Each structure stands twice: as structure tokens, then as C-alpha cells.
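All remarks here apply to the structure that follows.
Structure (C-alpha cells):
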């Protein structure tokens, strides 16, 4: 997940009413280094969980399944999706979107997307097209 620091260093949408500007996160320099995804996720979760910063970014998206193989970890991505109004299900058979690599059988209509899609959408406070994030 080496793209996370790059995506986050570009900053959040300062005009967003739901997210603070990236500079308000006050990330430590070490948190911007490669491999510090959990610290960055934690900071995003803290700001999103505060009532005034909650959002509905993923509310209109299909049910999402977060793979146990995902990086950042499944529990972190699940919480992030839920804080942004998305619904996470426990079975890939119910999901319209699978986040992260999935090695088992999945419904043909379920789209598998990189974890980076969730992170980039939250960072930029916009639903990004699936095209650049599809996993095969």
C-alpha cells in the first residue's frame, strides 16, 4: 500500500464540509513515511468519528465486503467504510463490492476493488471511478 502516504500528502479537500483539511490532522513526519498506513487510518477514523465530521460518502454504494487479506487490516477498513455511511456485509455473496484481494469464489457481478479506492475516496471526499482500482 505504498500509495497511501502519496495520496494523503496531497491533502483532503479543504472545501469539504465533512472532512478537515489534511493539515488539521497534524500528522507526525514519521506517519507520512511508507508503512505508516495504520497511523494514518487511525487519524482519519478519529476525525470521521467526531459527530460533525461524519459523512455519507459510501451511503449509495452497494453492500461492501472487506477481505480478511486486506491491507490496511479488515477491521480498520470496515470501520472507515461504516464511518463514511457505507454498509459492510460478512458474506461476499451479498456484496456488490469486494474491497481487497479475495482468493475464493465470488459472484460474477461483484466488483473487486483495491483498498486504495476506499482510502482515496475518503481522502479526497469524492466517490472515485472504479476503473483505476479494479483487482483481477
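Residue numbers (full-length UniProt numbering): 1 to 136.
Just so you know, even glycine gets a beta-carbon here, dropped at the ideal spot from N, CA and C.
On a predicted model such as this, the values are computed, not experimentally measured, just so you know.
Residue pairing of residue 112 in beta bridges, as defined by DSSP: 98. Sequence-distant Cβ neighbours of residue 89 in its own chain, meaning closer than 6 Å and more than five residues away, are 63, 65 and 95.
Restricting attention to 131, 86, 81 and 104, the CA atom closest to the CA of residue 92 is found in 104. Shown here, residue 126 sits in coil according to DSSP, grouped into three states, outside any helix or strand. At a Cβ-Cβ threshold of 8 Å, residue 127 and residue 57 count as neighbours. Within the same chain, 133 and 135 come within 7 Å of residue 114 by CB-CB distance, once the 5 residues on both sides are set aside. Between the alpha carbons of residue 83 and residue 125 lies a distance of about 13 Å. In this structure, the CA atom of residue 68 is about 5 Å from the CA atom of residue 74. The beta carbons of residue 55 and residue 97 sit about 18 Å from each other, so the pair does not count as a contact at 8 Å. Within a 10 Å sphere around the beta-carbon of residue 72 sit 16 or more other beta-carbons, which makes this residue buried. Between the C-alpha atoms of residue 79 and residue 123 there is a straight-line separation of about 15 Å. Taking a 10 Å sphere around the C-beta of residue 102, we find 16 or more other C-beta atoms and assign the residue as buried.
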